[in-house]
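**Student:** Quick one: the structure is below, questions incoming.
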Amino acid sequence: MVQKLDMLQETPSQTAGPYVHIGMMPTYAGNADTFEQEIGTSPIADGAQGEVIEITGSVYDGTGWAMRDAMIESWQPDAQGKFAGQDGADPKVSGFCRFAADADTGEFCLRTIKPGPVATSDGTLQAPHIALWIVARGINIGLQTRIYFEDEDNSKDPILARIEQRPRVDTLIAKKTGPRQYRFDIRLQGDGETVFLDM
Amino acid sequence: MLDGPLIPRNRAIHPDPYDPGYKTTVARSPNLPLLSMDSTPAEETGPRFGHSTIGALDNNLILNWTRGAAPAVGERILMYGRVLDEHGRAVPNTLVEIWQANAGGRYRHKKDGYLAPLDPNFGGCGRTLTDEQGRYQFLTIRPGAYPWPNRGNDWRPMHIHISVFGHSFGQRLITQMYFEGDPLIPICPIAATIKDRAQLDRLVAPLDMAASKPLDYLAYKFDIVLRGRRQSMFENKPEGM
Chain R
1 MVQKLDMLQE TPSQTAGPYV HIGMMPTYAG NADTFEQEIG TSPIADGAQG
51 EVIEITGSVY DGTGWAMRDA MIESWQPDAQ GKFAGQDGAD PKVSGFCRFA
101 ADADTGEFCL RTIKPGPVAT SDGTLQAPHI ALWIVARGIN IGLQTRIYFE
151 DEDNSKDPIL ARIEQRPRVD TLIAKKTGPR QYRFDIRLQG DGETVFLDM
Chain C
1001 MLDGPLIPRN RAIHPDPYDP GYKTTVARSP NLPLLSMDST PAEETGPRFG
1051 HSTIGALDNN LILNWTRGAA PAVGERILMY GRVLDEHGRA VPNTLVEIWQ
1101 ANAGGRYRHK KDGYLAPLDP NFGGCGRTLT DEQGRYQFLT IRPGAYPWPN
1151 RGNDWRPMHI HISVFGHSFG QRLITQMYFE GDPLIPICPI AATIKDRAQL
1201 DRLVAPLDMA ASKPLDYLAY KFDIVLRGRR QSMFENKPEG M
């Protein structure tokens, strides 16, 4: 026998199920009075620096149906590319939001500020992006992806550069639909399947 | 220093995303491979939540729905444990959220129409922050098993849903805690999405009589392990940096 590695293994994931909103977005689940302060209701407070934008979209399953029960979390830096907790970060930007597909239309909307580019430890610069984590009934382990923006320079982003099939890069880029308005659809499977990340 | 990129996820211990036994996964699992990458600042940072956010009864599901006015119906239990990372280090001050059905197997959710009635004294959701040793605890009632539309006659074992943040967005995890001795575990298609029975066993909380309180509640222990980070000492830098 060799020596034992002194390591633990991550706890296995299980689906968040159809009632994930009870625990994470109680007001959406119809239980508005659950907590005095619900978390993740907005990633920004009044006075946050930067351009306030709205990103609308849907999460589609493999049949092309807009899922009514998907829940998404987003995490992003401020307009200068600094994350909450880092030196100099905008105190009005928590950077974290929870939002869900509408139960009738399947459409979600994230209202936030446009993030700044992010410097990485090896000195490269990532194009502005918002990290997403998607859970729902039938998703056994949360799906990670990103929103980039078509009106930013994405040509040198090191993550997008890793995508071999260049047309798939488009699946990570929000389309501008009007002043401060973007569209970002997520396709779990099939034609135009979104690039999901494993990091 | 353990502040390098996240240790790559060992997907072999996790459920298969595509599993026809759990029908909803069939159209909701990606067909194409995920894009492998090292974690970057967006995954190595994450939201923090302060004690000011958490109410005094938030981790007491027996009382929190009625603000302490009347207790929920059901078998009173303490669910407790620690949040650790893969290096075995405690994860302090991190948010743990749970949600569950009531003692009859009914969720307080606008989409749940199961025959079992709602309990007017039970909401089914709680949250807490781990302490400096990574410990957490909830007082709640044991949730009931319930049927769900999948194959002809599928039932969920008694379970509590758990969401954990850790200290970085890439550690984010949702899982479910099952109860020792529940005969529905081996025949549940959702539990069976985990192919290695030894890994599924890690989601089954043992009864802990030593932590239970005489004439009050039984205790179940459930430890949670989040991803760790590699050491940064020998991280490669591009030439000239």
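For the record, the sequence lines run as chains R and C.
Heads up, the first sequence is in my numbering, so the first residue is 1 and it goes up one at a time.
Heads up, the second sequence is in my numbering, so the first residue is 1001 and it goes up one at a time.
From the three backbone atoms N, C-alpha and C, an ideal C-beta is built for every residue, glycine too.
#1: Tell me which same chain residues have a C-beta within less than 6 Å of the C-beta of Glu73 (chain R), skipping the five on either side of it?
#2: What residue range does the alpha helix (DSSP H) around Val20 (chain R) cover?
#3: Any chance the segment 8 to 22 of chain R sits against the segment 1101 to 1110 of chain C, with 3 or more Cβ pairs inside 8 Å?
#4: Mind checking whether Pro26 (chain R) and Gly95 (chain R) have CB atoms under 9 Å apart?
#5: Does chain R have any CB closer than 9 Å to the CB of Gly1134 (chain C)?
#6: Let me confirm a value: Arg1151 (chain C) is counted as buried when at least 16 other C-beta atoms fall within 10 Å, else exposed. Which label applies?
#7: Determine the contact status of Pro1005 (chain C) and Ser13 (chain R), defining contact as a CB-CB distance below 9 Å.
#8: Using CA coordinates, which residue listed in R:Ile53, R:Trp75 and R:Thr34 is at the minimum distance from Arg180 (chain R)?
#9: Using CA atoms only, rank isn't needed, just tell me which of R:Ala29, R:Gln126, R:Gln9 and R:Ala100 is closest to Thr1040 (chain C).
#10: Determine whether the beta carbon atoms of Arg1028 (chain C) and Ile113 (chain R) lie at a separation below 9 Å.
#11: Within the 9 Å Cβ cut-off, does Ala174 (chain R) reach chain C?
#12: In chain C, which residues lie less than 9 Å from Leu125 (chain R) when you measure between Cβ atoms?
#13: DSSP three-state call for His129 (chain R): helix, strand or coil?
#14: Could you tell me if His1051 (chain C) is buried or exposed, where buried requires 16 or more neighbouring beta carbons within 10 angstroms of its beta carbon?
#15: What does DSSP give as the partner residues of Leu1078 (chain C) in its beta bridges?
#16: With Asp1201 (chain C) as the anchor, note down where its alpha helix (DSSP H) starts and where it stops.
#17: With a cut-off of 9 Å, does the C-beta of Pro1008 (chain C) fall near any C-beta of chain R?
#18: For Arg146 (chain R), count neighbouring Cβ atoms within 10 angstroms of its own Cβ and tell me buried if that reaches 16, exposed if not.
#19: Which whole-angstrom value describes the C-beta separation of Pro1117 (chain C) and Gly1104 (chain C), a residue pair presumed to lie in contact below a C-beta threshold of 8 Å?
#20: With DSSP run on the structure shown, which of helix, strand or coil describes Trp1065 (chain C)?
#21: What is the DSSP secondary structure of Met1177 (chain C), counted as helix, strand or coil?
#22: May I ask you to list, following chain order, the residues of the segment 1029 to 1043 of chain C that have a beta carbon less than 7 Å from some beta carbon of chain R?
#23: For Leu1057 (chain C), which residues does DSSP report across the bridge?
#24: Counting only C-beta atoms, is Arg1127 (chain C) closer than 9 Å to chain R at any point?
#25: Need the endpoints of the alpha helix (DSSP H) that Glu1044 (chain C) sits in, please.
#26: Are Gln144 (chain R) and Pro115 (chain R) touching if we call contact CB-CB under 9 Å?
#27: Where does the unbroken beta strand (DSSP E) through Phe96 (chain R) begin, and where does it stop?
#28: What are the residues of the segment 1103 to 1116 of chain C that lie near chain R, defined by any Cβ-Cβ distance shorter than 9 Å?
#29: Note down, in chain order, each residue of its chain lying with its Cβ closer than 7 Å to the Cβ of Ile1007 (chain C), except the 5 sequence neighbours on either side.
#30: Kindly list, in the order they appear in chain C, the residues whose Cβ is closer than 7 Å to that of Phe83 (chain R).
#31: Near Gly1068 (chain C), what residues of its chain come up, given a Cβ to Cβ distance below 7 Å and the 5 sequence neighbours on each side ignored?
#32: What is the DSSP secondary structure of Gly1240 (chain C), reduced to helix, strand or coil?
#33: For the segment 16 to 36 of chain R, which residues have a CB atom closer than 8 Å to at least one CB atom of chain C, in sequence order?
#34: Using a 10 Å radius around the Cβ and a threshold of 16 neighbouring Cβ atoms, would you call Gln1171 (chain C) buried or exposed?
#35: Give the single residue among C:Asn1060, C:Gly1021 and C:Pro1071 whose Cα lies nearest to the Cα of Pro1186 (chain C).
#36: Taking 9 Å as the CB-CB limit, is Pro1015 (chain C) close to chain R?
**Tutor:** Result, derived from the coordinates:
#1: Working through the first sequence from its first residue, we reach residue 73 (chain R) at position 73. Closer than 6 Å at the Cβ level, and outside the excluded window around Glu73 (chain R), lie Arg98 and Trp133.
#2: Here the question's residue 20 (chain R) lines up with position 20 in the first sequence. Val20 to Met24 is the extent of the alpha helix (DSSP H) around Val20 (chain R).
#3: yes
#4: Counting from 1 along the first sequence, the entry for residue 26 (chain R) is found at position 26. Counting from 1 along the first sequence, the entry for residue 95 (chain R) is found at position 95. Not closer than 9 Å, so no.
#5: Start at 1 with the first residue of the second sequence, and residue 1134 (chain C) comes out as number 134. Chain R, which has no Cβ nearer than 9 Å to the Cβ of Gly1134 (chain C), makes this no.
#6: In the second sequence, the residue the question calls residue 1151 (chain C) occupies position 151. That one is exposed.
#7: Taking the second sequence and counting its residues from 1, one reaches residue 1005 (chain C) at position 5. Taking the first sequence and counting its residues from 1, one reaches residue 13 (chain R) at position 13. Taking 9 Å as the Cβ cut-off, Pro1005 (chain C) and Ser13 (chain R) do not qualify as a contacting pair.
#8: In the first sequence, residue 180 (chain R) corresponds to position 180, counting from 1. For the residues R:Ile53, R:Trp75 and R:Thr34, the minimum Cα distance to Arg180 (chain R) belongs to R:Ile53.
#9: Residue 1040 (chain C) sits at position 40 when you count from the first residue of the second sequence. Answer by Cα proximity: R:Gln126.
#10: Position 28 of the second sequence, counting from 1, holds the residue named residue 1028 (chain C). Position 113 of the first sequence, counting from 1, holds the residue named residue 113 (chain R). The answer is no: Cβ separation not under 9 Å.
#11: Looking up residue 174 (chain R) in the first sequence gives position 174. Answer no: the Cβ-Cβ gap between Ala174 (chain R) and chain C never drops below 9 Å.
#12: To locate residue 125 (chain R), count along the first sequence from 1; it is residue 125. Under the 9 Å cutoff, chain C gives no residues; its nearest Cβ is about 11 Å from Leu125 (chain R).
#13: Translated into positions along the first sequence, residue 129 (chain R) becomes position 129. Note: His129 (chain R) maps to coil in three-state DSSP.
#14: On the second sequence, residue 1051 (chain C) is found 51 positions in, with the first residue counted as 1. Looking at its Cβ environment, which holds fewer than 16 other Cβ atoms inside 10 Å, His1051 (chain C) is exposed.
#15: One-based indexing of the second sequence puts residue 1078 (chain C) at position 78. The partner list for Leu1078 (chain C) (beta bridge, DSSP) reads C:Leu1139 and C:Ala1219.
#16: Numbered from 1 along the second sequence, position 201 holds the residue referred to as residue 1201 (chain C). Unbroken alpha helix (DSSP H) run through Asp1201 (chain C): Arg1197 to Asp1201.
#17: In the second sequence, the residue the question calls residue 1008 (chain C) occupies position 8. Taking Cβ atoms only, chain R reaches closer than 9 Å to Pro1008 (chain C), which makes this a yes.
#18: In the first sequence, the residue the question calls residue 146 (chain R) occupies position 146. By the neighbour-count rule (16 or more Cβ atoms within 10 Å), Arg146 (chain R) is buried.
#19: The residue labelled residue 1117 (chain C) in the question sits at position 117 within the second sequence. The residue labelled residue 1104 (chain C) in the question sits at position 104 within the second sequence. The pair is a contact, with the Cβ atoms about 6 Å apart (cut-off 8 Å).
#20: Working through the second sequence from its first residue, we reach residue 1065 (chain C) at position 65. Trp1065 (chain C) carries a helical assignment under DSSP once its states are collapsed to helix, strand and coil.
#21: By one-based count along the second sequence, residue 1177 (chain C) stands at place 177. Looking at Met1177 (chain C) - three-state DSSP - the assignment turns out to be strand.
#22: Listed by position along the chain: Ser1029, Pro1030, Asn1031, Leu1032, Leu1034, Leu1035, Ser1036, Met1037, Asp1038, Ser1039, Thr1040, Pro1041, Ala1042 and Glu1043.
#23: Residue numbering aside, residue 1057 (chain C) sits at position 57 when the second sequence is read from its first letter. DSSP lists no partner for Leu1057 (chain C).
#24: As a working mapping, residue 1127 (chain C) is identified with position 127 in the second sequence. Yes, Arg1127 (chain C) lies at the interface with chain R (some Cβ there is under 9 Å from its Cβ).
#25: To locate residue 1044 (chain C), count along the second sequence from 1; it is residue 44. Looking at the DSSP string, the run of the alpha helix (DSSP H) that includes Glu1044 (chain C) is Pro1041 to Glu1044.
#26: The count along the first sequence starts at 1 and reaches residue 144 (chain R) at position 144. The count along the first sequence starts at 1 and reaches residue 115 (chain R) at position 115. Their beta carbons are not under 9 Å apart, which means Gln144 (chain R) does not touch Pro115 (chain R) by this criterion.
#27: Taking the first residue of the first sequence as 1, we reach residue 96 (chain R) at position 96. Secondary structure note for Phe96 (chain R): its beta strand (DSSP E) is the uninterrupted segment Phe96 to Ala100.
#28: Tyr1107, Arg1108, His1109, Lys1110, Lys1111 and Asp1112
#29: The residue given as residue 1007 (chain C) occupies position 7 in the second sequence. Closer than 7 Å at the Cβ level, and outside the excluded window around Ile1007 (chain C), lie Glu1086, Arg1227, Gly1228, Arg1229 and Arg1230.
#30: What you label residue 83 (chain R) is simply residue 83 of the first sequence in a count that begins at 1. Residues of chain C passing the Cβ test: Pro1041 and Thr1045.
#31: Numbered from its first residue, the second sequence carries residue 1068 (chain C) at position 68. If we look at Gly1068 (chain C) and ignore the five residues flanking it on each side, its Cβ neighbours are Leu1057.
#32: Translated into the one-based positions of the second sequence, residue 1240 (chain C) becomes position 240. Model confidence at Gly1240 (chain C) stands at a pLDDT of 44, short of 50, so the residue's coordinates are unreliable and nothing is read from them.
#33: Ala16, Gly17, Pro18, Tyr19, Val20, His21, Ile22, Gly23, Met24, Pro26, Ala29, Gly30, Asn31, Thr34, Phe35 and Glu36
#34: If you number the second sequence from 1, residue 1171 (chain C) lands on position 171. Looking at its Cβ environment, which holds 16 or more other Cβ atoms inside 10 Å, Gln1171 (chain C) is buried.
#35: Position 186 of the second sequence, counted from the start, is the residue given in the question as residue 1186 (chain C). In terms of CA proximity to Pro1186 (chain C), C:Gly1021 leads the group C:Asn1060, C:Gly1021 and C:Pro1071.
#36: As a working note, residue 1015 (chain C) is residue 15 in the second sequence. True, the Cβ-Cβ gap to chain R drops below 9 Å.
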